[in-house]
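Participant: For reference, the structure I am asking about is given below.
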């Protein structure tokens, strides 16, 4: 059975990184980014090809067939990926339980598997996603431990300060070049927000637009260390934003 959560994460990557039509999606790159093996990635790519999101070229792989512009939740529903997406549901249940203090700082895989009724494959995928986003990590030897970020009140503020330090430094990189097409896309988004979009867009839409804007600024530096850092921060910020909405 295809793990549709992998397909969903690939669609999310296309959206948050603003990948244009024709962008190449190497299976190994995706496997490394999502921290899974190539097998489920290849299955997910084939599924997205069937759904029309990707094109496939013999001996070259998969390429973006159309940009993902709509809110991620709408795209997932339209493609029928949400029907069996147990991983995403459990991911947010774990986050919610952690926020409520119902999960300990340290935990075993057996605890998560039993509490949320997961198969071994589902357990591996959901813990891999959590580890990738930086709010839990495997302990040396046995078990896992949560990062304090979800329960630290000023975590969101600290992420702002990191961006304040990182983005100006990226602008000063000697090879900095912002593609005019990317600049125009950012400008159109800001115009949309000023025209009232900031009042009508969903929280998910606003988050995705913020991610694209800030990552575009840093990616133009060409510094892979800066780029990896801003992407990691933005992955974490999605969960911190979720936490802030829960606290309202």
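In this note's numbering, the protein residues as written are 7 to 254.
Note that the Cβ used here is the ideal one computed from N, Cα and C, for glycine as well.
What residues in its chain sit with their C-beta under 7 Å from that of residue 238, if we drop five residues either side in the sequence?
Facilitator: Around residue 238: 140.
Participant: Would you mind stating whether residue 67 and residue 30 have Cβ atoms separated by less than 8 Å?
Facilitator: Closer than 8 Å, so yes.
Participant: Of all the alpha helix (DSSP H) runs that stay within the bounds of the stretch 70-141, which reach a length of 4 or more residues?
Facilitator: 78-85, 92-105, 115-122 and 126-138, all fully within the stretch 70-141.
Participant: Secondary structure at residue 237, three-state DSSP: helix, strand or coil?
Facilitator: Three-state result, residue 237: helix.
Participant: Run through the DSSP bridge pairs and tell me what residue 60 is partnered with.
Facilitator: The partner list for residue 60 (beta bridge, DSSP) reads 70.
Participant: According to DSSP, simplified to helix, strand and coil, what is residue 49?
Facilitator: Helix at residue 49.
Participant: Which residue's Cα is closest to the Cα of residue 178: 197, 228 and 163?
Facilitator: Closest by alpha carbon: 228.
Participant: Can you tell me whether residue 89 is buried or exposed? The criterion is at least 16 other CB atoms within 10 Å of its CB, across all chains shown.
Facilitator: For residue 89, the predicted model reports a pLDDT of 49, less than 50, meaning its position is unreliable; a value from the coordinates is still stated below. With fewer than 16 Cβ atoms within 10 Å of its Cβ, residue 89 is classed as exposed.
Participant: Whose C-beta lies closer than 8 Å to the C-beta of residue 169 among residues of the same chain, with five residues either side of it excluded?
Facilitator: Here the set comprises 220, 236 and 239.
Participant: Here's a check: name, in chain order, each residue in its chain whose Cβ is nearer than 7 Å to the Cβ of residue 183, leaving out the five neighbours to either side.
Facilitator: 226.
Participant: On the three-state DSSP scale, how would you describe residue 144?
Facilitator: Residue state, collapsed to three classes: strand.
Participant: Hey, how far is the Cα of residue 188 from the Cα of residue 222?
Facilitator: If I take the Cα positions, the gap works out to 7 Å.
Participant: Along the chain, where does the alpha helix (DSSP H) that runs through residue 198 open and close?
Facilitator: Here the alpha helix (DSSP H) through residue 198 covers 186-198.
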